Amino acid sequence: MRRHSWAEPYKIKAVELLKMTTREQRDAAIREAGYNTFLLRSEDVYIDLLTDSGVGAMSDRQWAGLMRGDEAYAGSANFYRLRDAVEEYYSYKYTVPTHQGRGAENILSRILISDGDYVPGNMYFTTTRLHQELAGGTFVDVIVDEAHDSQSEHPFKGNVDIGKLDALVDEVGADSIPYVCIATCVNMAGGQPISLQNLREVRAWCDEHGVRLVHDMTRVAENAHFIQRREQDCEDKSIREIVYEICALTDVATMSSKKDAMVNIGGFLAMNDPDLYERACALVVVYEGLHTYGGMAGRDMEALAIGIGESVDDDHIHARVGQVEYLGNRLREAGIPIVLPIGGHAVFPDARRMLPHIPQERFPAQALAAELYRASGVRAMERGIVSAGRDAATGENHAPALELIRLTIPRRVYTQAHMDVTAEAMMDVAERADRIEGLRFVYEPKMLRFFQARFEPVRS
Ligand SMILES: *Cc1c(COP(=O)(O)O)cnc(C)c1O
2 MRRHSWAEPY KIKAVELLKM TTREQRDAAI REAGYNTFLL RSEDVYIDLL
52 TDSGVGAMSD RQWAGLMRGD EAYAGSANFY RLRDAVEEYY SYKYTVPTHQ
102 GRGAENILSR ILISDGDYVP GNMYFTTTRL HQELAGGTFV DVIVDEAHDS
152 QSEHPFKGNV DIGKLDALVD EVGADSIPYV CIATCVNMAG GQPISLQNLR
202 EVRAWCDEHG VRLVHDMTRV AENAHFIQRR EQDCEDKSIR EIVYEICALT
252 DVATMSSKKD AMVNIGGFLA MNDPDLYERA CALVVVYEGL HTYGGMAGRD
302 MEALAIGIGE SVDDDHIHAR VGQVEYLGNR LREAGIPIVL PIGGHAVFPD
352 ARRMLPHIPQ ERFPAQALAA ELYRASGVRA MERGIVSAGR DAATGENHAP
402 ALELIRLTIP RRVYTQAHMD VTAEAMMDVA ERADRIEGLR FVYEPKMLRF
452 FQARFEPVRS
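In terms of the numbering used here, the sequence shown is numbered consecutively and its last residue is 461.
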């Protein structure tokens, strides 16, 4: 079952030409973007590692599927194929399509969360926590402590600390907890997996307390890869079997299909409870669209149904995670501090350790991402204090232990040579790290500030 090489199980059929920029052009571009890589124009970027969201390369089968789009307002054939794929691969009986993951989060949060509720999760995700807060809830981090330590090599840093769940129940009571939300391959922890064993323990805990278990399944196939590699008695199971087993342990799922499932747009809310489905159908018409398209075109639902099947293929997922590990190992060999173990979708250089002269309130990760772009045309994303935002109640900055940049690898898009260029660019930047300056806000949006904030350099 195990593969020694991570070589790609596909070949390239069409290419997209890229513009090569000069350092002067990039200097001007990053200044104009307010030192925020989200505000760069994509045509000024050489290797785009901002995100793995919606930027994967669809297969020829998915492209062919677009031609089978049934663009009926109601009852599209593609909806039924999507629903069947979700049940076949992910076990959930009912599917409500949404325009992307946060659409599903919005609907779920509005249905299940009341004012004053607490929602425990294995580390926050930006949009997930915001929707919980907007619905009147408070997010509570119940991930294992190792997840906050970039140097811990714990094999399952996405695990839930059951003791933290117990402590929360003692404090607020199970009635104030509408659900536990677990993410597979936890994005903000560095793409770190949860084990099947831990998930079974969380399931048992939820049953004991009468609390629902919600699954943010955006990267469930990558999580399955790590379970197959690292967990006892799982090495002979296929990725498809493990994915199904994970999903079957949970009650409800939110999905951003722009990640694992390799489509450019789309998502869904899925569940087994018919009453919950009815309530979701009633709300999806308000915020997304009719319950048989929910903001997606028929053709996109078709591409998604096909992408789900491709995403659980063993050869695909080993090549995908193998490429991420290749980049991570090159950085590691060059002495660049990264989050360990290397995650499933991205490599996370540790800005706190690369730029110890910049205090956290001067945004070292934001400054590092800006400098990497300026040096090389490689675009990364900040995952530190800027992404963490401010506490909804006190207005103070959340100050996360992890101050990282994320080099996120799109699925099936870049070559090994692109990974080499990226590693060399990081080495260049690391060599003159002590000359990188901190930043301060010029403009700070109130919600999800990292997307649109603007900065200027400041001597720290
Ligand atoms: C991307 C993402 C989301 C939100 O999905 P969108 O499709 O971007 O709205 C939610 N959870 C996780 C873990 C994600 O990575």
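Glycine is no exception: its CB is placed at the ideal position from the N, C-alpha and C atoms.
Just so it is clear, the structure is predicted and the values come from calculations on it, not from any experiment.
{"query": "Sorted by chain position, which residues of the same chain lie with C-beta nearer than 8 Å to Tyr444's C-beta, five sequence neighbours on each side aside?", "result": "Gly35, Gln453, Ala454 and Arg455"}
{"query": "Closer than 7 Å to a non-hydrogen atom of ligand 1 - does that hold for the CB of Thr219?", "result": "yes"}
{"query": "Taking the alpha-carbon of Gln198 as reference, which of Met218, Gly159, Asp252 and Arg354 has the nearest alpha-carbon?", "result": "Gly159"}
{"query": "How would you write the range of the alpha helix (DSSP H) that Gly66 sits in, first residue to last?", "result": "Asp61 to Leu67"}
{"query": "Does the pairing of the region 215 to 223 with the region 60 to 78 give three or more beta-carbon distances under 8 Å?", "result": "no"}
{"query": "Taking 7 Å as the cut-off, is the CB of Gly138 close to at least one heavy atom of ligand 1?", "result": "no"}
{"query": "Tell me which residue opens and which closes the beta strand (DSSP E) that Ala271 is part of.", "result": "Gly268 to Met272"}
{"query": "State the CB to CB distance for the pair Met382 and Glu311, rounded to an integer number of angstroms; the pair is presumed to be in contact (CB under 8 Å).", "result": "At roughly 25 Å, the Cβ-Cβ gap does not stay under 8 Å, so Met382 and Glu311 are not in contact."}
{"query": "Out of Asn265, Phe269 and Ala65, point me to the one whose CA is closest to Pro411's CA.", "result": "Asn265"}
{"query": "I need the DSSP call for Asp351, collapsed to helix, strand or coil.", "result": "strand"}
{"query": "With DSSP as the reference, identify every bridge partner of Tyr288, one or two as the case may be.", "result": "For Tyr288, which the question treats as bridged, DSSP gives no partner whatsoever."}
{"query": "Can you give me the Cβ contacts of Gly211 inside the same chain, cut-off strictly under 7 Å, excluding the 5 residues immediately before and after it?", "result": "Ala175"}
{"query": "Starting from Ala298, trace the alpha helix (DSSP H) in both directions and tell me its first and last residue.", "result": "Segment: none, Ala298 is in no alpha helix (DSSP H) and carries neither H nor E."}
{"query": "Could you please give me the residues that DSSP links to Ser257 through a beta bridge?", "result": "Gly268"}
{"query": "If I'm right that Leu369 touches Ala394 with Cβ under 8 Å, what's the distance once you round it to whole angstroms?", "result": "Actually they do not touch by this definition, with Cβ atoms about 30 Å apart."}
{"query": "Got a sec? Which residues, its chain only, sit under 7 Å from Thr127 by beta carbon, not counting five neighbours each side?", "result": "Ser388 and Leu449"}
{"query": "Please confirm whether any heavy atom of ligand 1 lies closer than 7 Å to the CB of Gly102.", "result": "yes"}
{"query": "What's the C-alpha gap between Pro357 and Leu113?", "result": "43 Å"}
{"query": "Out of Ala136, Trp206 and Ala184, which has the shortest C-alpha to C-alpha gap to Ala168?", "result": "Trp206"}
{"query": "Tell me which residue opens and which closes the alpha helix (DSSP H) that Tyr90 is part of.", "result": "Ala78 to Tyr91"}
{"query": "Three or more C-beta pairs closer than 8 Å, one from the region 184 to 204 and one from the region 300 to 311: is that the case here?", "result": "no"}
{"query": "Nearest to Cys282 by alpha carbon, out of Tyr81, Thr99 and Asn123?", "result": "Thr99"}
{"query": "Let me check one thing: in DSSP terms, what residues is Asp392 bridge-paired to?", "result": "In DSSP, Asp392 forms no bridge with anything."}
{"query": "Please work out which residues of its chain come closer than 6 Å, Cβ to Cβ, to Val464, disregarding the five sequence neighbours upstream and downstream, and give them in chain order.", "result": "Outside the shown range of the chain, which is 2 to 461, sits residue 464, and nothing can be said about it."}
{"query": "So the candidates are Glu397, Gly122 and Leu83; which of them puts its Cα closest to the Cα of Asp71?", "result": "Leu83"}
{"query": "When you compare only the Cα positions, how much space is there between Asp146 and Leu291?", "result": "42 Å"}
{"query": "On the criterion of 16 or more Cβ atoms from any shown chain inside 10 Å, does Gly137 qualify as buried, or is it exposed?", "result": "exposed"}
{"query": "Is His155 helix, strand or coil by DSSP?", "result": "coil"}
{"query": "Which residues does DSSP pair with Glu33 in a beta bridge?", "result": "The partner list for Glu33 (beta bridge, DSSP) is empty, contrary to what the question assumes."}
{"query": "Looking at the strands, I want to know which residues DSSP matches up with Pro458.", "result": "Leu440"}
{"query": "Please list, in chain order, all residues of the same chain as Thr139 whose beta carbon is under 6 Å from its beta carbon, the five residues on each side excluded.", "result": "Tyr119"}
{"query": "So, under 8 Å CB-CB, Arg363 and Pro338 are touching, yes? Tell me the CB distance rounded to an integer number of Å.", "result": "With a Cβ gap of about 19 Å, Arg363 and Pro338 do not count as contacting."}
{"query": "Does any heavy atom of ligand 1 sit closer than 7 Å to the C-beta of Phe452?", "result": "no"}
{"query": "From Val46 to Leu403, what distance separates their C-alpha atoms?", "result": "26 Å"}
{"query": "So what does His226 bridge to, in DSSP terms?", "result": "Note: His226 sits in no beta bridge, so no partner."}
{"query": "In the region 155 to 239, which residue ranges form an unbroken beta strand (DSSP E) of at least 3 residues, counting only runs that do not cross its ends?", "result": "180 to 184 and 213 to 217"}
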